[in-house]
Amino acid sequence: MNFTGNLTANLTGLVGWRGMVGSVLIDRMQAEGDFELIEPVFFSTSNAGGKAPAQAKNETTL
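Each residue of the sequence shown is one higher than the last, beginning at 91 in my numbering.
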């Protein structure tokens with residue numbers, strides 16, 4: 091990720107999004123349109139380097 095430019099979006103890190111509680115949170119955020127308001131950054135220790143979820147805007151891997 092390149093942080094040298096001006097950031098206009100709210101960077102929001104999401105950890106634990108693949109679990110039961112995290113998946114419910116992602117579903118609710120999607121339904122409420124919350125992803126339009128943030129720049130989501132997804133983290134994973136168990137799937138590092140894996141494909142990022144569809145909600146990721148600028149990243150393709152974890």
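Cβ coordinates follow ideal geometry from the N, Cα and C atoms, glycine included.
By how many angstroms is the C-alpha of Gln-145 removed from the C-alpha of Arg-108? 13 Å
### Message
Just to confirm my understanding: we take Gly-106, look at its own chain, exclude 5 residues before and 5 after, and list those with CB closer than 6 Å. What are they?
### Response
Gly-112
task = With a 10 Å radius around its C-beta and 16 neighbouring C-beta atoms as the bar for buried, classify Met-119 as buried or exposed.
result = buried
- [ ] For Leu-101, count neighbouring C-beta atoms within 10 Å of its own C-beta (all shown protein chains included) and say buried if the count is 16 or more, exposed if not.
- [x] exposed
Return helix, strand or coil for Leu-104, following the three-state DSSP convention. strand
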